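One point on numbering: in our numbering, the residue at position 28 of the sequence shown is 438, and numbering is uninterrupted.
Cβ atoms here follow ideal geometry from the backbone N, Cα and C, with glycine treated the same way.
Computed from a predicted model, the values in this text were never measured in an experiment.
For reference, the structure is listed below as structure tokens.
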Amino acid sequence: MGIFGSRQPNEWDQSTQQKAKPDWTHFLAPDAAVILRTVLESAYKHRQAYFKAEDIKNAQLWSAIAELKREMIEMNRKLDRLGPQERESFRLGLSDGSAAMETIKSALKPGVEDSWEAKDALIESLMKF
411 MGIFGSRQPN EWDQSTQQKA KPDWTHFLAP DAAVILRTVL ESAYKHRQAY FKAEDIKNAQ
471 LWSAIAELKR EMIEMNRKLD RLGPQERESF RLGLSDGSAA METIKSALKP GVEDSWEAKD
531 ALIESLMKF
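What follows is the structure, given as structure tokens:
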């Protein structure tokens, strides 16, 4: 079954006596299928509205778009609460700081193993700023 619960490709459609078209969702990249599924699941809470629409599929898409916009607004609100340093870390994909520490450690490259402890302490103090 596809992500929408439709038939497998090339199944016989008894209602029209024609071969059914393949479910296009089978051709999506796996990560895109997961994303699409989560978007449609978030729009599902609006089912009472879109089931009353003349064109249910179109109304479901608009509901999904509304949910995506809501998520964007929420994400922007959260980003606005971050300080400039956190925002820069977030932009670089270093939101928890551990990746930044690993980058700094690899740049320092100590010659002696016991100097790691001193450099770790320095890095920890710098990360507090």
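Residue closest to residue i, alpha-carbon to alpha-carbon, out of the options
i      : options                : result
Arg457 : Leu478, His436, Gln470 : Gln470
Tyr454 : Ile475, Asn486, Glu484 : Ile475
Glu477 : Asp441, Val449, Pro494 : Val449
Outcome for residue i when other beta-carbon atoms lying within 10 angstroms are tallied against a minimum of 16
i      : result
Ala439 : exposed
Tyr460 : buried
Glu464 : exposed
Glu451 : exposed
Glu481 : exposed
Glu498 : exposed
Glu484 : exposed
Where residue i sits in the DSSP three-state scheme
i      : result
Leu489 : helix
Leu471 : helix
Asp441 : helix
Ala453 : helix
Glu498 : helix
Lys554 : The first residue shown for the chain is 411 and the last is 539, placing residue 554 beyond what the model contains.
Glu464 : coil
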